[in-house]
Amino acid sequence: MSWKHFLPTVLAVFLTSFTSHPLLAGTITLTNGDVIHGELQAVDKTHVQWKSDVLGVLNIEKNQVSQFSSNTVMPKVKSQAGTARDCSLKMTDEVERNCATGLHDSQPLATLVAMKPLPPFSGDARFGFNRKDGNTDSADLDFAVNAQWLKEQLRHEVELLVESEEADGVVVDERYEANYQLNYDFREQWFSYTRLGYEKDRFNAIDEQYELGGGIGHRLNLDNQMRLNLQLGAAYLISHQPQDGTDNDLAGRWAFKLDWPVPNSKLTLFHHHELLWTAEDINNNQVESSTGVKVPLMGRLFSELRYDFDYVSEPSDDQRHADEEWVIAIGYEW
């Protein structure tokens with residue numbers, strides 16, 4: 012199926028992401044008198060992170076904040092008096108902590124750090140398109156959706172990906188991928204996961220691949236707002252190869268995600284990768300990675316520049332081991 016036939020469906024899915032959102036009820040007042048409506052997102056050592064419906068996420072230096080009120084419940088708040096959990100914060104002269112444990116105190120903003128809470132439903136949709144006319148007419152399409160639902164100790168994650176490339180009207184690359192992962196948070200930073208995956212690549216040695224796996228993961232939220240997610244587990248792979256039929260393999264799986272909203276800027280750096288290797292031969296492996304920078308535009312819109320690298324240790328006879336691509340995309344997050 013050509014991307015030209017798939018594009019209307021892709022655009023329809025992308026447009027449905029632009030749903031209405033309730034106005035944020037909190038306010039923050041700056042030392043220059045400016046008042047910004049929104050909600051508190053996080054507090055690091057030097058900045059207050061504030062989310063506005065109009066301006067997006069703002070990183071405001073602490074010495075520029077006069078006062079704020081917010082309905083956000085912060086999962087972890089650190090101060091000189093110790094660490095408290097599930098606290099709402101309000102600042103007049105100092106920051107008042109009202110916590111689920113009954114703790115009520117006031118702390119100076121300069122020494123307070125509050126971890127960003129995870130929303131119950133979040134995600135983003137990204138669309139990239141590149142066309143080149145000349146000796147060879149080519150067109151590249153990239154579309155991806157990531158969504159996450161939180162309910163108590165369960166986290167549902169869905170990933171959808173479409174990639175297509177045409178040269179002189181002929182499809183030369185076409186790939187579809189869908190993943191679902193159910194995470195169970197059995198401790199504060201530890202979780203177990205069960206994973207289902209499907210991938211189809213018409214121009215690779217593996218035409219179709221099904222994945223059923225599970226494992227354990229560890230999350231870290233650092234004081235500088237850097238977020239790390241590490242996963243290690245096993246997977247059962249059913250791979251269909253056009254020339255050799257179907258293979259069933261037990262494989263190991265390693266995944267790593269890093270997201271870092273850079274202090275004193277609006278940029279977010281990220282690196283995500285996944286490695287699968289068969290139990291019979293560790294040299295039989297495949298890697299998918301994505302590294303880049305995310306820049307807010309206005310409201311919930313953002314742009315993204317990333318470098319994608321895919322590697323297969325045993326490609327088909329007419330294919331390369333590695334596939335790499337630079338992508339510029341426009342996205343919408345919720």
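In our numbering, the protein residues as written are 12 to 345.
Glycine included, each C-beta is placed from N, C-alpha and C at the ideal position.
Check your understanding: Quick one, are the C-beta atoms of Ile341 and Ser314 less than 7 Å apart?
Key -> The residue labelled residue 341 in the question sits at position 330 within the sequence shown. The residue labelled residue 314 in the question sits at position 303 within the sequence shown. In this structure, Ser314 lies closer than 7 Å to Ile341 by Cβ.
Exercise for review: Within 10 angstroms of the Cβ of Gly44, are there 16 or more other Cβ atoms? Answer buried if so, exposed if not.
Suggested key: Residue mapping note: residue 44 aligns to position 33 of the sequence shown, counting from 1. Exposed.
Exercise for review: Just the C-alpha distance for Leu69 and Trp61, rounded to the nearest angstrom, thanks.
Suggested key: One-based indexing of the sequence shown puts residue 69 at position 58. One-based indexing of the sequence shown puts residue 61 at position 50. Linking Leu69 to Trp61 through their CA atoms gives a straight-line distance of about 5 Å.
Review point. Closest by CA to Val65, which one among Asn295, Ala178, Tyr187 and His48?
Key: Taking the sequence shown and counting its residues from 1, the one referred to as residue 65 is at position 54. Nearest neighbour of Val65 by Cα position, chosen from Asn295, Ala178, Tyr187 and His48, turns out to be His48.
Practice item. Please state whether DSSP places Gln192 in a helix, a strand or coil. Key: Counting from one through the sequence shown, the residue named residue 192 turns up at place 181. Strand, per DSSP.
Check your understanding: In this structure, does DSSP put Thr83 in helix, strand or coil?
Key -> Translated into positions along the sequence shown, residue 83 becomes position 72. Strand.
Check your understanding: Which term fits Asn194, buried or exposed, when burial requires 16 or more other beta carbons within 10 angstroms of its beta carbon?
Key -> The residue labelled residue 194 in the question sits at position 183 within the sequence shown. Burial call: buried.
Review point. With 16 as the cutoff for other CB atoms within 10 Å, does Tyr204 come out buried or exposed?
Key: Position 193 of the sequence shown, counting from 1, holds the residue named residue 204. Buried, because 16 or more other Cβ atoms sit within 10 Å of the Cβ of Tyr204.
Practice item. Round the Cβ separation of Glu50 and Ser81 to the nearest angstrom and send it over; I've been treating them as touching at under 8 Å. Key: The count along the sequence shown starts at 1 and reaches residue 50 at position 39. The count along the sequence shown starts at 1 and reaches residue 81 at position 70. Contact between Glu50 and Ser81 holds, with the beta-carbon distance rounding to 5 Å and staying under 8 Å.
Check your understanding: Alpha carbon to alpha carbon, what distance is there between Val124 and Tyr221?
Key -> Within the sequence shown, the letter at position 210 stands for residue 221. Within the sequence shown, the letter at position 113 stands for residue 124. A straight-line Cα-Cα distance of about 43 Å links Tyr221 and Val124.
Exercise for review: Buried or exposed for Leu243, please, with buried defined as at least 16 other CB atoms from any protein chain shown within 10 angstroms of its CB.
Suggested key: Start at 1 with the first residue of the sequence shown, and residue 243 comes out as number 232. Burial call: exposed.
Exercise for review: Drop a sphere of 10 angstroms on the beta-carbon of Lys305, count the other beta-carbons inside from all chains shown, and report buried for 16 or more, exposed for fewer.
Suggested key: The residue you call residue 305 lines up with position 294 of the sequence shown. The C-beta of Lys305 has 16 or more other C-beta atoms within 10 Å across all chains shown, which makes the residue buried.
Exercise for review: Would you list the one or two residues that DSSP bridges to Lys89?
Suggested key: Within the sequence shown, numbered from 1, the residue matching residue 89 stands at position 78. DSSP lists Thr94 and Val124 as partners of Lys89.
Practice item. Can you give me the Cβ contacts of Glu72 inside the same chain, cut-off strictly under 7 Å, excluding the 5 residues immediately before and after it? Key: The residue you call residue 72 lines up with position 61 of the sequence shown. Apart from the 5 residues on each side of it in sequence, Glu72 sits with its Cβ closer than 7 Å to the Cβ of Thr57 and His58 in its chain, given in chain order.
Check your understanding: Tell me which same chain residues have a C-beta within less than 6 Å of the C-beta of Arg347, skipping the five on either side of it?
Key -> No statement about residue 347 is possible, as the shown extent of the chain runs from 12 to 345 and does not include it.
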